[in-house]
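In UniProt numbering, the protein residues as written are 1 to 447. Just so it is clear, CB atoms sit at the ideal spot from N, CA and C, and this is done for glycine as well. Beneath this line is the structure, given in structure tokens, with notes to follow.
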């Protein structure tokens, strides 16, 4: 049996026993008494200061893999020990921040665990305020998006020249494929040259940390780590061990997957879906190209839907974040509204439905979005509202993921039915000309 295999064979309760009594007690209060498969693999590796890249399906508890052991090690470390957590969005950062504060066994944990927030445009006053926050509190855990964290740490360095502001004992990259953005092999020469010269904010930040402390523990996590990401780690000499747990193109099997063909008016389509599905707690996801403000305004004013703007609410206090889903459940007909990029990595334990309004970019994005529901063994429903010409792509997603997409029987747009009731990965349907595949062949696909 391999080392990884032996570690995976440890009992879930045995793995949790390696954590501090304080954290084990906190987890027990939440009803967490055994570790998941990815936690059984990853927690021992994190406790042993290994550099790792972990790929595991969405909703399997990856945050616990890094946060629980790192917070345990902080209890035993010196006052000046620091952990950095790099995230793709401030919304995911806010969620991890709330979790870390809850697991912090120190007085005034809000001073020891800091989320670097950029509320406005990141002007000098905001940068100065965030820098002073680090100077005054000397936090042990710093969480933020790569570009803003780089800016704040660079400014911090000016105020404390005797200490390297980029020195961390451990650095975590959550949703690593999104933070590091490795180039596709189909990227243009211009993009490759630009990356070679300027790098990427996430990549540059990790490099600065490892230059400041070459022995720092580096850990990367994602549901969709690809070959480009592995290649980047190898080329940069980061020496991470790659571990995959389960099937990366898999989400909980207790989710039903539906699609509906759009009428051309997404706001109307979402309202109709809400009337038909009658969800208990619903997340509606729209493409980043669509204005969240305009979409929510139309839902409210034209259709009277009670909309909660997710990215606004997640920037409020911790109590507000924790009560968000409870609030939705107590207001029948209300929904959470967010853009697709904001939702990556966010954990909604009691979400009953996800409505994806507009075509997801690819199968990976669909998995990230649909996987927000169906957590902890609960039943979930995912509905993708797409244009007619996009339905053939769902067939391709079926082949990749094994998911069967059903046309929702009560959400047909009317008229002649031109799409199959079931998009089945076992049937070979003729597809329209695939422009993306052709672009790849020519090496001209835009990324």
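Along the chain, which unbroken stretches of the alpha helix (DSSP H) at least 4 residues long are found entirely within the segment 250 to 301? 266 to 277
With three or more beta-carbon pairs closer than 8 Å as the criterion, would you say the segment 269 to 280 touches the segment 376 to 386? yes
If we call anything under 8 Å between Cβ atoms a contact, is residue 74 one with residue 140? Start at 1 with the first residue of the chain shown, and residue 74 comes out as number 74. Start at 1 with the first residue of the chain shown, and residue 140 comes out as number 140. Contact flag set, yes.
Proximity below 8 Å, CB of residue 72 to CB of residue 19: Here residue 72 refers to the residue found at position 72 of the chain shown. Here residue 19 refers to the residue found at position 19 of the chain shown. It is a contact, given that the beta carbons lie within the stated cut-off.
Using DSSP bridges, identify the partner residues of residue 219. Against the chain shown, residue 219 aligns to sequence position 219. Looking at the DSSP assignment, residue 219 forms a beta bridge with 52, 172.
For residue 69, is the classification buried or exposed, using 16 other Cβ atoms within 10 angstroms of its Cβ as the cut-off for buried? Position 69 of the chain shown, counting from 1, holds the residue named residue 69. Flag for residue 69 reads buried.
How would you label residue 206, buried or exposed, when you count the other beta carbons within 10 angstroms and need 16 or more for buried? To locate residue 206, count along the chain shown from 1; it is residue 206. Buried.
Rounded to the nearest angstrom, what separates residue 213 and residue 170 at their Cα positions? Indexing the chain shown from 1 puts residue 213 at position 213. Indexing the chain shown from 1 puts residue 170 at position 170. Approximately 9 Å between the Cα atoms of the pair.
By alpha-carbon positions, which one of 298, 98, 117, 119 ends up nearest to residue 110? Start at 1 with the first residue of the chain shown, and residue 110 comes out as number 110. Answer by Cα proximity: 98.
Just mark residue 353 as buried or exposed, buried being the case when its beta carbon has 16 or more other beta carbons within 10 Å. Residue mapping note: residue 353 aligns to position 353 of the chain shown, counting from 1. Buried.
Run the CB neighbour count on residue 29, radius 10 Å, all protein chains shown included, and call it buried at 16 or more, exposed below. Here residue 29 is taken as the residue at index 29 of the chain shown, counted from 1. Flag for residue 29 reads exposed.
Using a Cβ-Cβ cutoff of less than 8 Å, which residues in the same chain neighbour residue 61 once the five nearest sequence positions on both sides are dropped? In the chain shown, the residue the question calls residue 61 occupies position 61. Once the five neighbours on either side are set aside, the close Cβ partners of residue 61 are 35, 36, 38, 39.
Touch test, the segment 220 to 240 against the segment 174 to 194, Cβ-Cβ under 8 Å, three pairs minimum: yes
Quick check: the segment 239 to 247 against the segment 78 to 93, are there 3 or more CB pairs under 8 Å? no
Looking at the structure shown, is residue 132 part of a helix, part of a strand, or coil, going by DSSP? Counting from 1 along the chain shown, the entry for residue 132 is found at position 132. Here residue 132 sits in helix by DSSP.
Close beta carbons around residue 233, own chain, < 6 Å, minus the five adjacent residues each side: To locate residue 233, count along the chain shown from 1; it is residue 233. Here the set comprises 240.
When DSSP labels each residue in this structure, what does residue 115 get in the three-state scheme? Numbered from 1 along the chain shown, position 115 holds the residue referred to as residue 115. Reduced to three states, the DSSP call for residue 115 is strand.
Pull up the distance between the alpha-carbon of residue 362 and that of residue 368, whole angstroms please. The residue given as residue 362 occupies position 362 in the chain shown. The residue given as residue 368 occupies position 368 in the chain shown. In a straight line, the C-alpha of residue 362 is about 10 Å away from that of residue 368.
Look up residue 241 in the DSSP assignment and say whether it is helix, strand or coil. The residue given as residue 241 occupies position 241 in the chain shown. Three-state result, residue 241: strand.
Here's the rule: buried if 16 or more other CB atoms are within 10 angstroms of the residue's CB, otherwise exposed. What is residue 175? Indexing the chain shown from 1 puts residue 175 at position 175. Counting Cβ neighbours within 10 Å, residue 175 comes out buried, since at least 16 surround it.
With DSSP run on the structure shown, which of helix, strand or coil describes residue 405? Within the chain shown, numbered from 1, the residue matching residue 405 stands at position 405. If DSSP states are grouped into helix, strand and coil, residue 405 belongs with the strands.
Give a yes or no on contact between the segment 84 to 91 and the segment 389 to 404, applying the rule of three or more CB pairs nearer than 8 Å. no
Looking at residue 277 and residue 310, is the spacing between their C-beta atoms short of 8 Å? In the chain shown, residue 310 corresponds to position 310, counting from 1. In the chain shown, residue 277 corresponds to position 277, counting from 1. Cβ atoms of residue 310 and residue 277: not closer than 8 Å.
Suppose the cutoff is 6 Å on Cβ atoms and the five residues either side in sequence are ignored; what does the same chain contact list for residue 134 look like? Taking the first residue of the chain shown as 1, we reach residue 134 at position 134. Here the set comprises 156.
Going straight from the alpha carbon of residue 396 to that of residue 147, what length do you get? Numbered from its first residue, the chain shown carries residue 396 at position 396. Numbered from its first residue, the chain shown carries residue 147 at position 147. If you take the alpha carbons of residue 396 and residue 147, they lie about 35 Å apart.
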